[in-house]
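Down below is the structure, laid out as structure tokens.
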Amino acid sequence: MMGYLAIVRHGEAAMGHPDAERRLTRRGEVEAASAGAWLAACPELAKAQLWSSPFARARQTASAVSQATGLECETVDGVTPDDDVDSLIERLTGHAPSTPLIIVSHMPLVGLLAGRLIEGPASHGVAFPTAGIALLEGDVWAAGCARLAAFIAPPHQ
């Protein structure tokens, strides 16, 4: 059964310290709302689970996605900027592709995740703009087993 995974980078964030507390800029808020509207219009994601990094800027972006889609957001570990992409892929292999999934996270993790799922071997990954969305489809979430269905950058259209 074909499944869908949307990998979303958070909107533009302000500089600051500590990194986990950085918040979206006004532009980032607009980008996040735009990403949410695009995801809400994507019928493949209508009954998706929504996962967010615990970092403030990702939670803000996921909140905008949640408001637009009506999906409940779950803050999860293992999807912060420095987390291990192979551990996340291992976690995804246990996720039923019949349940669509949206993950809101950070570079470099989003780029590495998309690259590994699409291409297979470890690489530098895919470059994601802020609030960029990679929509993948596949029968299983494993290295080299996904197809890129769409790659959207703000403004999302």
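Just so you know, we're using the numbering used here here: the sequence shown kicks off at 1073 and counts up by one.
Using N, Cα and C, we set each Cβ at its ideal position, and we do this for glycine too.
Would Val1080 and Ile1224 qualify as a contact pair, given that the criterion is a beta-carbon distance under 7 Å?
The Cβ atoms of Val1080 and Ile1224 do not sit closer than 7 Å to each other.
How close, in whole Å, do the beta carbons of Gly1108 and Val1151 come, if the pair is a contact with beta carbons under 8 Å?
With 8 Å as the limit, Gly1108 and Val1151 do not qualify as a contact, their Cβ atoms being about 18 Å apart.
Please identify the residue among Glu1191, Gly1142, Ala1128 whose C-alpha is closest to the C-alpha of Asp1091.
Nearest of Glu1191, Gly1142, Ala1128 to Asp1091, Cα basis: Ala1128.
Does the Cβ of Arg1098 have 16 or more other Cβ atoms within 10 Å, making it buried, or fewer, making it exposed?
Its Cβ having fewer than 16 others within 10 Å, Arg1098 is exposed.
Identify which residue in Gly1166, Asp1156, Ala1203, Val1176 has its Cα closest to the Cα of Arg1188.
For the residues Gly1166, Asp1156, Ala1203, Val1176, the minimum Cα distance to Arg1188 belongs to Asp1156.
Below 7 Å CB to CB, which residues in the same chain sit around His1191 once its five sequence neighbours on both sides are set aside?
For the record, residue 1191 in the displayed sequence is Glu; it is not His. Once the five neighbours on either side are set aside, the close Cβ partners of Glu1191 are Gly1216.
Per DSSP, which one or two residues make a beta bridge with Leu1207?
According to DSSP, which records beta bridges pairwise, Leu1207 is partnered with Ala1078, Ala1222.
Does the distance from the C-beta atom of Pro1227 to that of Ser1106 stay below 7 Å?
Against a cut-off of 7 Å, the Cβ pair of Ser1106 and Pro1227 comes out as a contact.
Quick one: using the 10 Å Cβ neighbour count with 16 as the cut-off for buried, is Ala1120 buried or exposed?
Counting the other CB atoms within 10 Å of its CB gives Ala1120 a total of 16 or more, which places it among the buried residues.
Beta-carbon separation of Leu1111 and Leu1173 under 7 Å?
No, the Cβ-Cβ distance between Leu1111 and Leu1173 is not below 7 Å.
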